[in-house]
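Engineer:
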Amino acid sequence: MAVYSIREAAAGDVRVLTDMTVEAANWNALAPRTRSAILADPLHSRYVRGWRRPGDAGVLALEAEGAPIGACWYRLFPANAPGFGFVAAGVPELILGVSALHRAKGVGRQLLRAVVAQARGAGHQRVSLSVERANHAVALYRTEGFVTMERSGTRDTMVLNLR
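If you want it as structure tokens, here you go:
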């Protein structure tokens, strides 16, 4: 069993969050995209650009030696510049990325629970996310209480009520 710790994401962790954005976008090992292509896309880079602005929060998972293996964080987006899983202004949108070698080992679940606790502690009533229907993470989100609010193309927008 892998030993790792979870800590709050700080302003200086933008590189780790960027790496985990790439991991999240490359959930399908059969259709990998280059780091530069993912980060050149404003739909992806918006999740890390200007990190840690007011309203941003998140956590990192680190191996015993301190190497990052995953991250989960949220951001607030305005209606005129929404993220993939936007549902309303004031509802934080989550992103979760775990390195391929550490997936399906419970790291993502622990990160998700930690960031949901942060959102609840910050007074948010809901959180949202977007996930490709074919992504195995859908099962994780469902077991953690997320429900599908909207389907568009191959993606679902899911919401968790925090009340």
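Positions 3 to 165 (the working numbering) are the ones given, in order, by the sequence shown.
Glycine included, C-beta positions come from ideal geometry on N, C-alpha and C.
Bear in mind the structure is a predicted one, so any value in this text is a computation, not a measurement.
1. Select from Ala83, Phe79, Leu41, Leu96 the residue whose C-alpha is nearest the C-alpha of Val61.
2. Would you mind stating whether Leu19 and Ala13 have Cβ atoms separated by less than 8 Å?
3. In three-state terms, what does DSSP make of Thr20?
4. Below 8 Å between beta carbons: does that hold for Gly147 and Leu131?
5. Which word fits Ala27, buried or exposed, when buried means at least 16 other C-beta atoms lie within 10 angstroms of its C-beta?
6. Less than 8 Å separating the beta-carbons of Val50 and Val93?
7. State the beta-bridge partners of Ser7 as determined by DSSP.
8. Check this for me: beta carbons of Gly87 and Thr159, under 8 Å apart or not?
9. Rounding to the nearest angstrom, what Cα-Cα distance links Val100 and Tyr6 in this structure?
10. Please report the distance separating the alpha-carbon of Val118 from that of Ala59.
11. Rounding to the nearest angstrom, what Cα-Cα distance links Met22 and Thr150 in this structure?
12. Considering Cα atoms alone, identify which of Pro56, Pro84, Ala91, Gly110 is closest to Pro70.
13. For the region 85-125, which segments carrying the beta strand (DSSP E) assignment without a break, of at least 3 residues, lie completely within its bounds, in sequence order?
14. Under 7 Å Cβ to Cβ from Arg122, same chain only, skipping five residues before and after it: list those, please.
15. Which residues does DSSP list as the beta-bridge partners of Pro70?
Structural biologist: According to the structure data:
1. Answer by Cα proximity: Leu96.
2. No, the pair does not count as a contact, with Cβ atoms beyond the cut-off.
3. In the structure shown, Thr20 adopts helical secondary structure according to DSSP, grouped into three states.
4. No; because the gap between Cβ atoms is not below 8 Å, this pair is not in contact.
5. Ala27 sits buried, since 16 or more C-beta atoms from the chains shown fall within 10 Å of its C-beta.
6. Cβ atoms of Val50 and Val93: not closer than 8 Å.
7. DSSP output for Ser7 lists Leu64 as bridge partner(s).
8. In this structure, Thr159 lies closer than 8 Å to Gly87 by Cβ.
9. C-alpha separation (whole angstroms): 12 Å.
10. The alpha-carbon of Val118 is positioned some 10 Å away from that of Ala59.
11. Roughly 23 Å between the two C-alpha positions.
12. Measuring C-alpha to C-alpha distances from Pro70 to each of Pro56, Pro84, Ala91, Gly110 identifies Gly110 as the nearest.
13. Complete beta strand (DSSP E) runs here, min 3: 95-100.
14. Around Arg122: Leu164.
15. DSSP links Pro70 through a beta bridge to Leu64.
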